[in-house]
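The opening residue of the sequence shown carries number 947 in our numbering; numbering runs sequentially from there. Built from N, CA and C at the ideal position, the CB exists for glycine as well. Just so it is clear, the structure is predicted and the values come from calculations on it, not from any experiment.
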Amino acid sequence: MVLTGIFILPIELKGLDRNLESNISNTASILSYDSEIIDGLNKKHFSKNLIRRMDTLFKQSSEDVDYLVIATADSTRVYHQKHEYIGKHFTGNDEKNILNGAKPYITTRQGNKDIQKRAFHAVRDKSGKIIGFIMISASLQTIRYQQHKLIAQFLLIFALILCIGLIVAYIIAKNIRKSLLGFEPGTFANMYLQREEILDNLDELILAVDRKKNLLYQNKTSETMENADSFFANTALTDLIDEGFHTGKSLFGRMLEISDASLLVNLIPLPEPGNPEAVLLIMRDKTEIASLAQQLSGTNHVIDALRANTHEYMNKLHVISGLLQIGSYDEAIEFISDVSSDIENGYQTVVRQIKNRTIAALILGKQNRSKELDIDFCLRKDSFLEEHNPYLSTKELVTIVGNLIENAFDATKNVDGIRQVELTIRSNEDGLMISADDTGCGMSEEQIQRIYEGQYTTKGEGHGIGLLLIQEIIKKHEGFLDIASDIGSGTFFTVTINKRRKGYD
């Protein structure tokens, strides 16, 4: 709008100047053919009636006209709206050309009092002889006044349009912000991109569907699924969607079998419950949820321990069965006696030191797993853990002990040479200390720092969350984690908790 004004205003000012010149020139032309004026110029004198008529005509003329002068061929004024100038010689010397027969023209000259834009027209008698001229002019002050008036009008219009534009822009912006929930468009766009990035990085399959089963949205995780048409051909899923539209309520925890996968499905009406226009489906593989729950609760470590025990006993039973089948009864009895003695000694050692049966079972299971991995795993003789620990719950103990042992096994199982893992658990009045010392591959300072910062390790799937869970427990109980390691020599993890749980103070 400003640029338009910059271009239009000069054009309008030039148009105003042309109109002013046209007005004074046309007025002079009309008067040059007036018979009374011609008769007065022939007589070289205007009668009083003619002068009064010219006064009236001047007053009724356009506001552009400041001066009306009629002069004879010798440049003597026979009329001037200021009567004191009548009879005096015309000033400016720009009338010569018109008296010499030139065509009507316009000049800019200094008059008696100010600078004027003058229009000249010759007056001729019946024979065509020039008997005088008419000069009508507008002063520079009048011209400037007209220009300022035009500029003022233009600015007024500009201001009016600007105000209307601002009001309209405010109303539009207000409506846009209202539609964008009160956020600025830029902020809303950033939020949209951020949420899009979050949704695309979720493990859950996220879909938005309308009443006609048209897919309105899907995150990147769901893009890996099969064709949407066949996906929605699943009767159980379509029934769930129909139920969501019918009830208008959120539905949570529905188990569905889709494409040979067991999925946990949540359904949320959009944009709000009641009369939804679409529904949001959030789906997660039930197997993944169960696995994550096991990691979070530490159940996976107990299960691994039981599996290792089962595997170890199955091997021994196979040996006993083979000895019996070949008739080596004495050797079978001797083998059973040796195994029983080993189990009893190992069991008694662990149970004597570790009074918590769950942790004891976990350690015994890890001993059997260490044999599978060809790792020398032992519990230090000065270890002790009461049945009910005042510092950590059994679930927390399972998480810390299980993850420390598994991390040590992972670091040691592929090492050439001595493969040894030593576990220490001490609980007393001063606090609880759990440590795992291995002769594994070791870690760099950078890897240790990443663990302290809560980042995942590079040892393999599952270990990152294990260390993260340990750190969460340590943080909860205001404990400490200390890591000492040398590349190629091994790693020493130590967890220390000094603050007792509530109820043990």
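- Look at the region 1145-1231 and you find these whole runs of beta strand (DSSP E), each 3 residues long or longer: 1151-1156, 1161-1164, 1197-1204, 1207-1216 and 1224-1231.
- When secondary structure is reduced to three states using DSSP, V1361 falls in the coil class, being assigned neither helix nor strand.
- In the structure shown, Q1027 falls within a coil segment according to DSSP collapsed to helix, strand and coil.
- Annotated as proximal: N1165 and D1146, with beta-carbon spacing under 7 Å.
- Within the same chain, L1213, I1214, P1215 and P1219 come within 7 Å of S1196 by CB-CB distance, once the 5 residues on both sides are set aside.
- In the three-state reduction of the DSSP assignment, M1137 falls in the helix class, which pools H, G and I.
- Per DSSP, the beta-bridge partners of V1367 are F1323 and D1384.
- I1052: member of the beta strand (DSSP E) spanning Y1051 to Q1056, first to last residue.
- Per DSSP, Y1013 is one residue of the beta strand (DSSP E) stretching across Y1013 to T1018.
- I1416 is not bridged by DSSP to any residue.
- In the three-state reduction of the DSSP assignment, F992 falls in the coil class, being assigned neither a helical nor a strand state.
- Of all alpha-carbon atoms in G1436, V1347, A1179 and Y1051, the one lying nearest the alpha-carbon of L1415 is that of V1347.
- In this structure, D1432 lies near G1388, with their beta-carbon atoms less than 7 Å apart.
- For I1305, the enclosing alpha helix (DSSP H) stretches over residues R1303 to E1318.
- Take the alpha-carbon of I1061 and the one of I970: they are about 15 Å apart.
- In this structure, S1085 and D1012 form a Cβ contact; the two beta carbons are roughly 4 Å apart against a cut-off of 8 Å.
- Per DSSP, reduced to three states, the secondary structure at S1083 is strand.
- Taking the CA atoms as reference points, L1308 sits about 20 Å from I1443.
- Going by DSSP, I1061 is part of the beta strand (DSSP E) stretching over I1061 to R1070.
- Of the residues D1322, G1386, Y1337 and L977, the one whose Cα lies closest to the Cα of E1424 is Y1337.
- Under the 8 Å Cβ criterion, the region 993-1002 does not count as touching the region 1033-1043, having fewer than three qualifying pairs.
- For the set E1203, I1113 and R1446, the Cα lying nearest the Cα of E1375 is the one of R1446.
- In this structure, the straight-line span from the alpha carbon of I1187 to that of V1225 is close to 7 Å.
- In this structure, I1052 places its C-beta atom within 7 Å of the C-beta atom of A1065.
- Check the Cα spacing between T1358 and each of T1340, E1318, K1341 and S1373: the tightest is with E1318.
- Per DSSP, the unbroken beta strand (DSSP E) holding L1427 starts and ends at F1426 to D1432.
- Judged by DSSP in its simplified three-state form, G986 adopts helix.
- The three-state secondary structure of F1129, taken from DSSP, is coil.
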